[in-house]
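Residues 29 to 187 (the working numbering) make up the sequence shown, in order. C-beta atoms are modelled at their ideal positions from N, C-alpha and C, and glycine is treated no differently.
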Amino acid sequence: MKRGKILILVSACLLGINCKYDGSNNLAPKIIERFEEEGIVPVCPEQLGGLATPRNPAEILNGTGKDVLDGKARVYSNSGKDVTASFLRGAIETTKIAKKLRIHYAILKSNSPSCASKRIYDGTFSSSLVEGNGVTVALLKCEGVRVYSEKNYVDILTK
Ligand code: SF4
Numbered sequence: 029m030k031r032g033k034i035l036i037l038v039s040a041c042l043l044g045i046n047c048k049y050d051g052s053n054n055l056a057p058k059i060i061e062r063f064e065e066e067g068i069v070p071v072c073p074e075q076l077g078g079l080a081t082p083r084n085p086a087e088i089l090n091g092t093g094k095d096v097l098d099g100k101a102r103v104y105s106n107s108g109k110d111v112t113a114s115f116l117r118g119a120i121e122t123t124k125i126a127k128k129l130r131i132h133y134a135i136l137k138s139n140s141p142s143c144a145s146k147r148i149y150d151g152t153f154s155s156s157l158v159e160g161n162g163v164t165v166a167l168l169k170c171e172g173v174r175v176y177s178e179k180n181y182v183d184i185l186t187k
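Dropping the structure here:
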């Protein structure tokens, strides 16, 4: 039986949009090739949260994205600015898009404090990774969205 068209939420930086903190992107051309027949919906939670581009990089300190949602951890830029409110707003707006468009799958950038679905930086800005989701991914998962990254998306439509 022919499968109906599905929509997939994708980190805008993976699509070549220059929304990364340093004004560049993380283009992953194979994602576009693989899903061009489906509907790709680009999102950048940090821009949706009101942060500028370029901006200082940020990391979650002493916790995960879920801890940020629960008020147990906060997000700081490398200049020490508390940017938690922007990260929460970005998570809420991104999740709103997913719900409005009834999106059940996402491919979001690994290691990001917003978009990571496996490991995040540990808050020390030393490139050290710890287990955990980014803030937006934590909220998307609460809403039942299946989140993959640019590293493990290949079987997204087979599960
Ligand atoms: S918030 Fe997500 S989409 Fe935006 S630049 Fe960071 S990793 Fe890419």
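Proximity to residue i [Cα-Cα], best of the options
i           : options            : result
residue 96  : 58, 114, 83        : 114
residue 99  : 166, 181, 177, 173 : 166
residue 33  : 68, 53, 105        : 68
residue 155 : 88, 51, 182        : 88
residue 184 : 54, 63, 43         : 63
residue 93  : 79, 55, 104        : 104
residue 168 : 102, 127, 49, 106  : 127
residue 56  : 138, 120, 90, 132  : 138
residue 84  : 66, 106, 70        : 106
Own chain, CB closer than 6 angstroms to residue i, minus 5 neighbours either side, in chain order
i           : result
residue 129 : 35
residue 170 : none
Residue i: CB within 7 angstroms of a non-hydrogen atom of the ligand SF4
i           : result
residue 74  : yes
residue 170 : no
residue 52  : no
residue 179 : no
residue 124 : no
residue 39  : yes
residue 136 : yes
residue 114 : no
With 16 other Cβ atoms within 10 Å as the buried cut-off, status of residue i
i           : result
residue 116 : buried
residue 136 : buried
residue 179 : exposed
residue 2   : Outside the displayed span of the chain (29 to 187) sits residue 2, for which this structure offers no information.
residue 90  : exposed
residue 123 : buried
residue 48  : buried
residue 157 : exposed
residue 152 : exposed
residue 177 : buried
Sequence-distant residues of its chain with Cβ nearer than 8 angstroms to residue i (five each side left out)
i           : result
residue 29  : Below a pLDDT of 50, predicted positions are generally treated as unreliable, and residue 29, at 40, falls in that range; the measurement from the model is reported next regardless. Within the same chain, residue 29 has no close Cβ partners at all.
residue 174 : 132, 133, 134, 184, 187
Residues of its chain near residue i, where Cβ-Cβ distance is below 7 angstroms and the 5 sequence neighbours each way are ignored
i           : result
residue 118 : 73, 74, 76, 77, 142, 164
residue 193 : Since the first residue shown for the chain is 29 and the last is 187, residue 193 is missing from the structure and cannot be characterised.
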